[in-house]
C-alpha cells in the first residue's frame with residue numbers, strides 16, 4: 035500500500051507541477067482525456083485515503099493539498115469542456131489566465147528596465163517559481179474551502195444554522211427580542227422562586243463593621259447542619275463520596291495546617307510541591323504507570339494536580355493539541371469523542387479551538403462505536419477520547435481496541451477516569467470483571483483521575499497523567515517576555531490553594547491500598563444489589579451492564595422522569611439524563627448504608643406511576659426535559675444561561 039501511495043504522490047506532483055506551469059493556457063484536450071483523468075485521480079484519491087494517514091508531515095501536507103486539488107481541477111475541466119454553457123467562467127477568461135497574464139505583464143515591464151534585468155535562465159526559473167507560488171496560493175484557498183466543508187458535518191451545520199437564525203431573529207427583530215425578553219424575565223422569576231429562599235439574608239456590600247469570629251462560626255455551622263443533612267442520610271447520587279466523620283476531620287485539619295499555602299511559591303512552601311508530586315506518583319503507580327526496579331523506582335508516567343476533572347481534561351486536550359500539531363504540522367486539530375463522553379471535552383474543544391468529532395454508541399452495550407470512530411480518524415486527528423466509565427450509564431469503553439487504533443494511526447488516546455479512577459484499579463485487583471483501561475495499554479497517552487471523588491479528598495483536586503514528560507510539557511504555559519519576570523505555570527491557574535494539596539495527600543496516605551479496597555468492595559457489591567433490584571421492578575430496565583458504581587435505568591412503559599420527580603418528593607437527589615431519557619444513581623459509601631431505602635422508595639414510586647397511567651401530569655424534570663427535547667439548541671441555551679444567572683444571584 036505504501037508503494038501505491040508513493041506512486042500516486044509522484045504522479046500527483048508531476049501532474050500538478052505541469053498544470054501549474056501551464057496555468058490552463060493550453061487547450062484542454064479531448065473529452066475522453068478529461069474523463070479518464072478524472073476517474074484516475076478520483077480512484078487514486080480514494081485508495082490514498084483508505085491507506086490511512088501517512089506519518090510524514092511532508093507527505094501528509096502534500097496529500098491534503100494535492101488530492102482535493104486534483105479531483106477539483108479535473109472536475110472543473112470536465113465541466114468546462116463537456117458543459118461550457120454552465121461553466122462558472124470560460125477557459126479563455128479563466129481566473130488562472132488572469133493571474134498568469136498579470137505575471138507576464140510584470141515580466142514584460144521588467145524587460146524595459148535594465149536595473150531589473152535578470153539572466154535568461156534565472157528569469158525563466160523565477161517566472162516558473164512565481165507562477166507556482168501564485169498557483170499554490172489559489173490552490174490553498176480552494177483546499178481550505180474543501181477542508182472547511184469536510185470538517186462540517188450535517189448535524190453541526192444544522193445546529194449552526196438554527197442557532198444562527200435564532201440569534202439573528204433575537205438581535206434584529208424587535209418584536210421577537212421583546213417577546214423573548216418577556217419570557218426570560220418570567221422564567222428567571224420562576225427559577226428564583228424554586229431555587230432561592232425568599233426569606234434569605236443577603237449581604238450585597240462589605241459590612242461597615244466586621245462580625246466576630248464566634249458569630250460567624252455559629253452562622254456557618256447552622257447553615258452546614260441544615261444543608262449537609264441530605265447527603266448524610268444517603269439521599270444523594272454522587273456529590274459526597276465518603277463522609278466518614280474521622281476522615282472528614284482529618285481533611286479539615288490538613289487543610290487548616292496549610293490554609294495560606296500556594297504552590298506557586300515553592301521556595302516558601304516546599305512541602306506543598308512535595309505533596310503534589312507524591313499524589314501524582316501514587317496515582318500513576320495505581321494506574322500501572324510506574325516501573326519498579328530492584329533498587330529504585332523509575333517513574334515513566336508523569337502528572338499534574340488540577341482543580342478538578344474538567345480542568346484535567348482541558349489540560350490533556352491542550353497538551354495533545356500542542357504536541358501533535360507541532361509534530362505533524364496540523365492546522366485544524368480534531369478530537370474524536372462519543373456522545374456519551376463527559377461535556378468537559380466539549381468545553382475543552384470550545385476553549386482550545388479544536389473540532390470535536392462526535393460519534394455514536396452501541397445501542398446494546400452503550401460503549402462507543404469503534405468502527406465509527408476509526409472511520410472518523412483523519413490526518414487532522416490529534417486525540418481519541420474514551421471513558422472508564424462513562425458518566426451517564428457507567429460503561430467502560432473498549433479502550434484496548436482504542437489503544438490499537440491510537441498506535442496504528444499515531445494519535446493520542448485519553449482515558450477519562452475521573453469517576454472510576456479510585457474504583458476500577460482496586461476492583462480489578464480484587465477480581466471484579468473490569469476490562470483493561472490504564473497505562474498497561476501502550477496506546478494510552480493520558481488519563482484523568484479525580485482524587486476528590488472516590489479518592490475521598492476535599493473538593494477541588496484531580497490528577498492528569500501523561501505517558502511521558504514531553505507530552506506533559508505541552509500543557510505548560512511559558513511567557514519569558516513578561517516585564518514581571520520569567521513566568522511559567524503547569525496548569526491553567528496561577529495561584530492555587532496548597533491546603534487542598536495537603537488534604538488530598540493526607541486522604542491518600544490515610545486510606546492506603548487496603549482502605550480503598552475495603553470501600554470499593556462495599557460499593558461494587560451494593561451497586562450489583564441495587565442493579566438487580568431495579569431490573570426486577572415492573573416497567574424498568576437497565577441501560578448497559580453496570581460494572582462500576584453507576585446504576586442507570588429507563589422504562590418502555592412510562593415517562594421515567596415521572597419516577598424521578600416522585601423520588602425527588604421523597605427527598606432523593608438523582609441524576610436525570612437525556613438522549614436517551616433515563617435516570618442514574620451514583621453509588622457512594624453513604625448509598626451503601628441506605629441501599630434498602632433506595633430500593634423500597636423506588637419501588638413505591640414505580641407503583642404510583644403505573645397506577646396513574648398516562649393521566650399523571652408532567653411536572654418538574656419531566657416537564658423540563660420533555661420541553662428541551664422538542665426545542666432547538668438556541669432557546670435551550672438561553673434557558674441554561676438564565677438558570678446560571680439565577681444560581682449566581684445573591
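In my numbering, the protein residues as written are 35 to 684. We put the beta carbon where it would ideally sit given N, CA and C, even for glycine.
Pair within 8 Å by beta-carbon distance, residue i and residue j
{"i": "residue 349", "j": "residue 478", "result": "no"}
{"i": "residue 448", "j": "residue 342", "result": "no"}
{"i": "residue 533", "j": "residue 289", "result": "yes"}
{"i": "residue 427", "j": "residue 584", "result": "yes"}
{"i": "residue 443", "j": "residue 411", "result": "yes"}
{"i": "residue 252", "j": "residue 606", "result": "no"}
{"i": "residue 450", "j": "residue 401", "result": "no"}
{"i": "residue 530", "j": "residue 296", "result": "yes"}
{"i": "residue 403", "j": "residue 393", "result": "yes"}
{"i": "residue 399", "j": "residue 429", "result": "yes"}
{"i": "residue 538", "j": "residue 347", "result": "no"}
{"i": "residue 505", "j": "residue 353", "result": "yes"}
{"i": "residue 676", "j": "residue 261", "result": "no"}
{"i": "residue 408", "j": "residue 439", "result": "yes"}
{"i": "residue 467", "j": "residue 581", "result": "yes"}
{"i": "residue 204", "j": "residue 212", "result": "no"}
{"i": "residue 586", "j": "residue 573", "result": "no"}
{"i": "residue 351", "j": "residue 382", "result": "yes"}
Sequence-distant residues of its chain with Cβ nearer than 7 Å to residue i (five each side left out)
{"i": "residue 629", "result": "560, 563 and 564"}
{"i": "residue 594", "result": "588, 615, 616 and 617"}
{"i": "residue 434", "result": "469, 470 and 475"}
{"i": "residue 316", "result": "542"}
{"i": "residue 310", "result": "297, 339 and 535"}
For residue i, the three-state DSSP class (helix, strand or coil)
{"i": "residue 716", "result": "Lying outside 35 to 684, the shown extent of the chain, residue 716 is not represented and no answer is given."}
{"i": "residue 404", "result": "helix"}
{"i": "residue 345", "result": "helix"}
{"i": "residue 115", "result": "Low per-residue confidence applies at residue 115: pLDDT is 47, beneath 50, and the placement is therefore not dependable enough to give any value."}
{"i": "residue 372", "result": "strand"}
{"i": "residue 618", "result": "strand"}
{"i": "residue 470", "result": "coil"}
{"i": "residue 644", "result": "helix"}
{"i": "residue 502", "result": "coil"}
{"i": "residue 595", "result": "helix"}
{"i": "residue 322", "result": "coil"}
{"i": "residue 488", "result": "coil"}
{"i": "residue 414", "result": "coil"}
{"i": "residue 334", "result": "coil"}
{"i": "residue 517", "result": "coil"}
{"i": "residue 271", "result": "coil"}
{"i": "residue 296", "result": "coil"}
{"i": "residue 588", "result": "strand"}
Other residues of its chain near residue i: CB distance less than 6 Å, five sequence neighbours each side excluded
{"i": "residue 473", "result": "321, 322, 323 and 335"}
{"i": "residue 682", "result": "none"}
{"i": "residue 625", "result": "268"}
{"i": "residue 372", "result": "393, 395 and 402"}
{"i": "residue 452", "result": "343, 482 and 484"}
{"i": "residue 604", "result": "635"}
{"i": "residue 374", "result": "395, 424 and 426"}
{"i": "residue 500", "result": "336, 480 and 506"}
{"i": "residue 278", "result": "none"}
{"i": "residue 621", "result": "557, 560, 561 and 583"}
Through-space distance from residue j to residue i, alpha-carbon basis
{"i": "residue 490", "j": "residue 523", "result": "26 Å"}
{"i": "residue 600", "j": "residue 639", "result": "6 Å"}
{"i": "residue 360", "j": "residue 242", "result": "55 Å"}
{"i": "residue 228", "j": "residue 222", "result": "10 Å"}
{"i": "residue 436", "j": "residue 465", "result": "23 Å"}
{"i": "residue 674", "j": "residue 214", "result": "14 Å"}
{"i": "residue 521", "j": "residue 340", "result": "18 Å"}
{"i": "residue 231", "j": "residue 508", "result": "46 Å"}
{"i": "residue 462", "j": "residue 481", "result": "17 Å"}
{"i": "residue 263", "j": "residue 647", "result": "34 Å"}
{"i": "residue 201", "j": "residue 390", "result": "23 Å"}
{"i": "residue 672", "j": "residue 197", "result": "11 Å"}
{"i": "residue 619", "j": "residue 551", "result": "21 Å"}
Neighbourhood of residue i by C-beta distance below 8 Å, restricted to the same chain and skipping five residues each side
{"i": "residue 358", "result": "364, 367, 416, 417, 445 and 446"}
{"i": "residue 544", "result": "281 and 284"}
{"i": "residue 303", "result": "292, 295, 296, 297 and 532"}
{"i": "residue 684", "result": "236, 237 and 238"}
{"i": "residue 680", "result": "222, 225, 226, 229 and 230"}
**Length-filtered (4 minimum) alpha helix (DSSP H) runs lying within the region 427–468** = 433–443 and 458–463
**Prompt:** Fully enclosed by the region 200–265, which alpha helix (DSSP H) runs are 4 residues long or longer?
**Reply:** 208–229 and 247–261
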